[in-house]
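Heads up, the thing below is written out as structure tokens.
In my numbering, the protein residues as written are 550 to 870.
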């Protein structure tokens, strides 16, 4: 890795950390400052004042907001995510387990959607203007606008209720093997596969069309190289570079957008954890869940940007200037 690339990664990392810092302030203000009295917000308007004061004392909410923020963010940096008000236990194990579950679901989503969408986009580009291209273009546009809760309900009715091919919920029995877990994850993955298909297929199609009309592709054809070599070495390699960025961006979106799917399929992931924490006013759990999602989004975006620069000779050359 050259110095130019290291500097670029360093700048992106600094920008990501700044974004995470700003997100932490927004989360803190939304959960600790705006409620005014956290103890009252948790216990409700009819709660006894002594119980409210006792809870505020337990939560440390009687201190100045700046002091609370500095103590909270300092503890987060050491891995201490605080105590859950709902479970009376440390938050970190809950967030860790939920994140692992969500990453399993995200992995299944991208194993299904990436080859399918890229293949459809490339086939559409190679047949630009023909029936196949029109079908892929219309499908990618139409599927993108279908809300997850609509497609989830339709999929449940078709594959779980009518056909009974897939389990109704994403919760598998204790001790279930990988194949059983995968069987339970397919149905919850499909709604996001439908949404993400359109974005990735359109990017793959436009990138392939641009690469097909580029000078380096014409030169390769004029040299008499076999069409398969031209396609693999000159077209797809350049066409799929922007698609990597889109895939990484959508990975972050998928993790943050799992709330609807995880709730409908009763899946114990990070989206469901954040929603449950918000409904139960479990502020420590809510703060840790949101910051974890934000950190994951920043991490995958950084990895995608680095991969694009490493794979694109023109960007690497620009960093050396």
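Where is the CB? At the ideal position from N, CA and C, for every residue including glycine.
Problem set entry | Among 577, 798, 732 and 563, the one whose alpha carbon lies nearest that of residue 657 | Checking every option, the nearest Cα to that of residue 657 belongs to 732.
Problem set entry | Beta-carbon contacts of residue 839 that lie in its chain and below 7 Å, excluding the five residues immediately before and after | These residues qualify, in order along the chain: 576 and 823.
Exercise. With which residues is residue 639 paired in a DSSP beta bridge?
Worked result: Paired residues: 632.
For this session: Please work out which residues of its chain come closer than 8 Å, Cβ to Cβ, to residue 852, disregarding the five sequence neighbours upstream and downstream, and give them in chain order.
Result: Excluding sequence neighbours, residue 852 sits near 797.
For this session: Return helix, strand or coil for residue 737, following the three-state DSSP convention.
Result: In the structure shown, the three-state DSSP call for residue 737 is helix.
Problem set entry | Coarse secondary structure for residue 627, derived from DSSP in three states | Correct three-state label for residue 627: coil.
For this session: Identify the continuous alpha helix (DSSP H) that holds residue 693 and give its terminal residues.
Result: From DSSP, the alpha helix (DSSP H) with residue 693 extends over 680-693.
Exercise. Quick one: complete alpha helix (DSSP H) runs, 4+ long, within the stretch 732-801?
Worked result: Counting only runs of 4 or more, we get 764-771.
For this session: Check whether the Cβ atoms of residue 619 and residue 604 lie closer than 9 Å to each other.
Result: For residue 619 and residue 604, no; Cβs fall outside 9 Å.
Problem set entry | residue 743 versus residue 815: straight-line alpha-carbon distance, rounded | Cα-Cα distance, rounded: 20 Å.
Exercise. DSSP three-state call for residue 730: helix, strand or coil?
Worked result: Assigned with DSSP and collapsed to three states, residue 730 falls in helix.
For this session: Say whether chain C places a C-beta atom closer than 9 Å to the C-beta of residue 588.
Result: Within the model displayed, chain C is absent; a lone protein chain is all it includes.
For this session: Could you tell me whether the stretch 557-572 touches the stretch 840-851, where touching means 3 or more Cβ pairs closer than 8 Å?
Result: Between the stretch 557-572 and the stretch 840-851 there are three or more C-beta pairs closer than 8 Å, enough to call the two in contact.
For this session: Report buried or exposed for residue 746, applying the criterion of at least 16 other Cβ atoms within 10 angstroms of its Cβ.
Result: Classification of residue 746: buried, given that the 10 Å Cβ count is 16 or more.
Exercise. Given residue 843, which residues of its chain have a CB within under 7 Å of its CB, disregarding the five upstream and five downstream residues?
Worked result: Sequence-distant partners of residue 843 (beyond 5 residues in either direction) whose C-beta falls short of 7 Å from its own C-beta, in its chain, are 569 and 572.
For this session: Pick out whichever of 629, 654, 553 and 587 has its Cα sitting closest to the Cα of residue 820.
Result: Put simply, of 629, 654, 553 and 587 the residue whose alpha carbon is nearest the alpha carbon of residue 820 is 654.
Problem set entry | DSSP three-state assignment for residue 715, whether helix, strand or coil | Residue 715 falls in the coil class under three-state DSSP.
Exercise. If you scan the stretch 646-676 from start to end, which runs of the beta strand (DSSP E) of 3 or more residues do you find wholly inside it?
Worked result: Runs found: none.
Problem set entry | Residue environment, residue 586, which counts as buried when at least 16 other CB atoms sit within 10 Å | Taking a 10 Å sphere around the C-beta of residue 586, we find fewer than 16 other C-beta atoms and assign the residue as exposed.
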